[in-house]
Structure formats: C-alpha cells, structure tokens
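Here is the structure we will look at.
Chains as they are written, first to last, in the numbering used here: chain A, 27 to 328; chain B, 152 to 506.
As structure tokens, then:
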C-alpha cells in the first residue's frame, strides 16, 4: 500500500532549480485532486452567484410595482449582468493572482498554480498574463464538451455533432495525455499545478527520552554496538522515525519486537518507546557519520 | 496528524516556546537544526502573513529580513540534505523554501501596476507583435462578408440560414424600404438601453473568448467562426443594399461596429497566433512556443474585453440616440482612428517590461 503510494508520488516528482542553484522538489498535483478542486470551486461559484441573484431579485421585483421603479430595476439588471460576467470569468483569475496562487478549492485540496520551468529546469514568476491565458480556455475545455456530451445521446445534431463531441473531448481529456497533467490552458499559459504542502516543523527526536539518556520508565540506558546498528539502512531509519512520530502503541510494540529479533535481544515489555528512541538516535548517529564520509546505506539489503 | 484544537484555530500563535536546549541534543544534525530553527520559524511566520495578504502585520525589519532569511533557509536545506537523515525536518524545509520561493519570486506586482503597464504600452506592443495574424484575420473577415453577400444575392434562401432568427425580425428579404429604415432608427429615450448594452457586452465577450480559445486547435475553428460571423454581416449588408440603404446601414453599424469588429478581429488574431505558433514553433519547443504566444495573446484578450465594454456602451447608447447618418459615421470613424493610433502609433515601452 505504502509502496504503491510512494511510487505514485515518485512518478509525479519534478525538480525545479531556484536562482540560487538549489534544486527544489515539486510534486505535480494529481488529476483527482484537481478535479476535486474544480468541483469545489464551481460549487462555491454557483452557490455564491445564485445567492446574489436571489438577493437581487428580492430587491428588484418589488420595484416593478413602484412608481418610477423602472430605472432602478434596470440599473439592477445591468449590475446583475456585469456581476455575473465578472464572477464567472474573474473568480479563477483573481484568486490565482493572489499570493497563494490558488482558488479556494485548490487551497482546500492543497495545490497551487505555478510557472512551469523551462527546458533548463529553472522556473520564473507566475505572471498575470499567464493566469489570464490559462483561464480563457475554460469554455472549450469544460463547458463546450459538457454541453455536447449531454446532447450527444439524443442524436439531434447528427454526425456533425458527434464529430464536434469527439473533437472537444480531446480538450477535456487533455490532462490525461501528458505526464505533467497539463490542461490546454496550462499549455498555452506556461503554467502547471503543483502540490503546495504546508508542513509544521516536527519535534527534534534526539533531544528527549531514551535518545538522550536513561529511560524514564525503567531507568535503563540502552546502548547498541556497531554490529547491531549495522543491519539497518536509511529506509528503515525513516520508517522508525514515522513510527516514533505517530506514537501508536501497537506499532511501536511490533517494531520493537522485530528489531529485538533481528539483533538477538530478548524483547521486554512496557518500555518500547525509550528503546526505540535510543535505537533511532544511535542508528541515525551512525548513518549520519558515515554520510559525512560519503558512505550511504539506502536500506538493509545494501 | 494531530487534531486541530480550538485554541490552535483561533488563538494567536504562541512565540513563547523556550529557547531550544542545543547541547541536550544527542545528534550533530539535530544540534544543527536546533541552532537554526528560530530563523526558520521566523521565515515561516513572515511567509504565512504574506500568503494571507496581511502585510501590515509585518514589521519593516521582517520585510527587510525576508531575502536573507530565504537564502539562509535555502542553504540550511542544502546542508541538511547532505548531513541529516531526519526526514521530517527535510520535508519541512523543502515545503518552507518552496513557499518562501513563491513569495520572494512571486507576482508581487499588484493589479494597479499591472494595469498601468498594460494600458501604458503593454497592450499596444502585444497587438503589434501579432500583426501577421491580424492581417490573416482581416482577410478572412473580408472574405466572410463577400461570401455572405454573394451567397444571398445568388439565392435568397441563404439569408435565413446565415442570419440567426433573433436578428431577422423585420429584416427579411422582400421587406420594404420603410421597414428597413425603421430598424435603423433611434430609440425614443435612453430607457432600457443600459440593460441592452450589458447584455450585448456579455454576449460578445463570450463569443470572442470562444474564438480565442478555439485557436488552440491550430487556429482552424477560429477562422471558421470569423467566417461565419462575417457571412451574417455580408447577408444583411446585401439586404439593405437592395433597398438603397447601404450607406445608412454602414453608418448604423459603424457606431459600435468599428470597435466591436476590431475587437473580434483581435480575438481571432490572438487565437490564430497561438494556433500558428503551435503548428510552426520554429526553433523553440512546442511547449515553449505555446506558452510564449499564449501569454502574449492573453494580453490582447484583456484588451479585447476592454474594447467590447466600449463597444457595448456605444451600441447601447450612442447608436440608439444618434440618428444622423453622418454623425454615426463620424463616431464610428473616429473610434477606429483612435484605436489604430493607440495600438500602432503608441510605442511606449512600459517600465519594467522585459526586452
């Protein structure tokens, strides 16, 4: 499960060079996340515009009965037409030009729009032109195919409508035919949609508990020899890190037992966390020390 | 994943966490991290405030420190990648550097400054840069008018398939001169006109966005749309000419038509520009060519929307209120001159533009 997930992430991993020459990893937003964001955005937009419409109708309808209310009613109608146009065309542009480069829907699923890197791997700024360009194509990518697909089964348009449907489906399904999941708008705007993770800084693991000294529960200090630490590599270290950060009792017991079996200790019970913390800190110290000398051990098989 | 607490959601961030006990860390890489995490947290706070658009909460010191903090954090990440196996810290740094990168190199231009550059030369330059497509689109539009005229003059039944029924109310082949003249006359008052103008704008803007978007398919559908729209015009032109009203019709149309048709011409040209650069990218890759032309075309399209607003106002008010043929021609002609002068003679390079 985890392997398939990490393979999925690895397939979407790209590297962008910052002007400082630092290689920043980016993960291309998954198509499902983007569809989710799109649905959320259109829900927000639909609910918002319909609410405003109802509010305007509520104000506007009584005006008709009033003497001389025609002018005000017409003004309201103009306002409504302009509002509708701006809302449906400007929503995406306004939000994507903001500092987060994402509409509310995108923000919720954790993705954002960014400028695509050039052939040399360095990316520039996200410009207003790019955001306008990528949003002007929404009509042919979404609404035209949708209308045609909905109309197609009735067969009203004949072969011409079928051909048009197939033609527009090419645009609608464009993101499925390239590895960066670009839609047609992304292509002509030079943008792409990437994941925008917001991680919190986790605690340092070697400051506390068994990593630092004696266990608080038993008072024992765990020390491991070179032999015992040389079985595992970086992959196992990171698995152990995850187990320690998740802090689930069953998982820790299982890992504790597995490590004891491997290094030939008799597993005790009740002090798993301190044991694992000590093992983690000492294994990491050893691997990081080797790392400084240019020796890396990817996993237990290498 | 910790569940968010109420105080975490609504409370202010507590900065009161005690200074980390660096010597207590058993690992060299953790000591490295603890010595620097104050800087990282500060950068995190600044970036978060910028992302939430709450720039006022930032002090001048913070703003000045941002580039330096970004660089030190970026180098922390480079060092951590070589010396640390703490994957949570590396993931945090990667996400923080990425977020800071977006803010430091982000579109910090602001709408007003962008609009200034757009009106003050950016739009004119983009339009001049797509002149070959403008000529092609113009040729296609003229051909469309000619086609419509010739088709209808050959067989009047074509009129009904070329002109959508909503326009064709009284204006059908065989209508008398008086009826046609009536359709060109002005409205009695300005009542109802602003709603009409708003409707026209929305309709025309949608058509031109479509014309542009279809350019993505190598420009061919764009040409078809231009041809069809113009054939409608050609058919109507023929109808009015049969009753000797050619000049009156042209004047009636030119009030807003010079602006509106120019805008549609530009939208079509912008679409063609994208299509052409994808079909013939030259020395660049298709992706690079598409991106470059797409951004240029987007500027043109922003201009198109602006022109359509002007056109809708002219159509909704000026045309319905000004009835004299010469006055109408004067309005339409001067609009055309103004647009041409702005686009082709106004050669200011906006400050901060590339190249």
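Just so you know, even glycine gets a beta-carbon here, dropped at the ideal spot from N, CA and C.
As the structure is a computational prediction, the values presented were derived from the model and not from experiment.
Helix or strand or just coil, what does DSSP make of residue 291 of chain A? Residue state, collapsed to three classes: coil.
Round the Cβ separation of residue 413 of chain B and residue 458 of chain B to the nearest angstrom and send it over; I've been treating them as touching at under 8 Å. Indeed they touch by this definition, with Cβ atoms about 7 Å apart.
Per-residue DSSP class, three states only, for residue 307 of chain B: In the three-state reduction of the DSSP assignment, residue 307 of chain B falls in the coil class, being assigned neither a helical nor a strand state.
Quick check on residue 319 of chain B: does DSSP put it in helix, strand or coil? In this predicted model, residue 319 of chain B has a pLDDT of only 49, less than 50, meaning its place in the structure is not dependable enough to derive any value.
I'd like to know if residue 129 of chain A contacts chain E, where contact means its C-beta is closer than 8 Å to some C-beta of that chain. Note that chain E does not occur in the displayed structure, where the protein chains are A and B.
Burial state of residue 236 of chain B, where buried means 16 or more other Cβ atoms lie within 10 Å: When all chains shown are included, residue 236 of chain B counts as buried.
For residue 49 of chain A, the three-state DSSP class (helix, strand or coil): Strand, per DSSP.
The segment 293–305 of chain B touching the segment 436–443 of chain B, judged by at least three CB pairs closer than 8 Å: The answer is no - the segment 436–443 of chain B does not touch the segment 293–305 of chain B, with fewer than three Cβ pairs under 8 Å.
Chain B contact for residue 56 of chain A (CB, 8 Å cutoff): With 8 Å as the cut-off, residue 56 of chain A does not count as an interface residue toward chain B.
Answer with yes or no whether the minimum CB distance from residue 148 of chain A to chain B is below 8 Å. For residue 148 of chain A, the answer is no, since every Cβ of chain B falls outside 8 Å of its Cβ.
Let's see if you can read the secondary structure: which residues bound the alpha helix (DSSP H) around residue 140 of chain A? Not the alpha helix (DSSP H): residue 140 of chain A falls in the beta strand (DSSP E), residues 137–141.
In three-state DSSP terms, what is residue 357 of chain B? Helix.
Whole-number beta carbon distance between residue 294 of chain B and residue 378 of chain B, since they are thought to touch under 8 Å: Confirmed, Cβ separation roughly 7 Å.
Taking only three categories from DSSP, how would you classify residue 203 of chain B? When DSSP states are grouped into helix, strand and coil, residue 203 of chain B belongs to the coil group.
Compare the C-beta of residue 107 of chain A with all C-beta atoms of chain B and state if any pair is closer than 8 Å. Yes - at least one Cβ of chain B is within 8 Å of the one on residue 107 of chain A.
Mapping the DSSP letters down to three states, classify residue 255 of chain B as helix, strand or coil. Residue state, collapsed to three classes: helix.
Please report the residue range of the alpha helix (DSSP H) in which residue 214 of chain B lies. Boundaries of the alpha helix (DSSP H) around residue 214 of chain B: 211–234.
Min CB distance residue 450 of chain B to chain A below 8 Å: At least one C-beta of chain A is nearer than 8 Å to the C-beta of residue 450 of chain B.
Chain A contact for residue 454 of chain B (CB, 8 Å cutoff): Not one chain A Cβ lies under 8 Å of residue 454 of chain B.
Indicate whether residue 423 of chain B and residue 284 of chain B have their beta-carbon atoms separated by less than 8 Å. Here residue 423 of chain B is near residue 284 of chain B, since their CB atoms are less than 8 Å apart.
Does any CB atom of chain A fall closer than 8 Å to the CB of residue 482 of chain B? Judged by the 8 Å Cβ criterion, residue 482 of chain B is not in contact with chain A.
Does the segment 129–145 of chain A come within contact of the segment 55–75 of chain A, defined as at least 3 CB pairs closer than 8 Å? Result yes; three or more Cβ-Cβ pairs closer than 8 Å.
Tell whether a beta-carbon distance below 8 Å holds between residue 12 of chain A and residue 157 of chain A. Since the displayed chain A opens at 27 and closes at 328, residue 12 of chain A lies outside it and no answer follows.
Is the separation between the beta-carbon of residue 383 of chain B and that of residue 313 of chain B shorter than 8 Å? The Cβ-Cβ distance between residue 383 of chain B and residue 313 of chain B falls below 8 Å.
If contact means a Cβ-Cβ distance below 9 Å, which residues of the segment 241–254 of chain B contact chain A? Taken in chain order, the members of the segment 241–254 of chain B whose beta-carbon sits within less than 9 Å of a beta-carbon on chain A are 242, 243, 244, 245, 246, 247, 248, 249, 250, 252, 253 and 254.
State the beta-bridge partners of residue 24 of chain A as determined by DSSP. Since the first and last residues shown for chain A are 27 and 328, residue 24 of chain A lies out of range.
State yes or no: is the beta carbon of residue 411 of chain B nearer than 8 Å to at least one beta carbon in chain A? Chain A contact via Cβ: absent.
Quick one: grab the DSSP three-state call for residue 247 of chain A. When secondary structure is reduced to three states using DSSP, residue 247 of chain A falls in the coil class, being assigned neither helix nor strand.
Cα-Cα separation, residue 496 of chain B to residue 282 of chain B: A direct Cα-Cα distance of roughly 13 Å separates residue 496 of chain B from residue 282 of chain B.
Looking at the secondary structure, which residues open and close the beta strand (DSSP E) in which residue 208 of chain B lies? Where residue 208 of chain B is concerned, there is no enclosing beta strand (DSSP E), given that its DSSP letter is neither H nor E.
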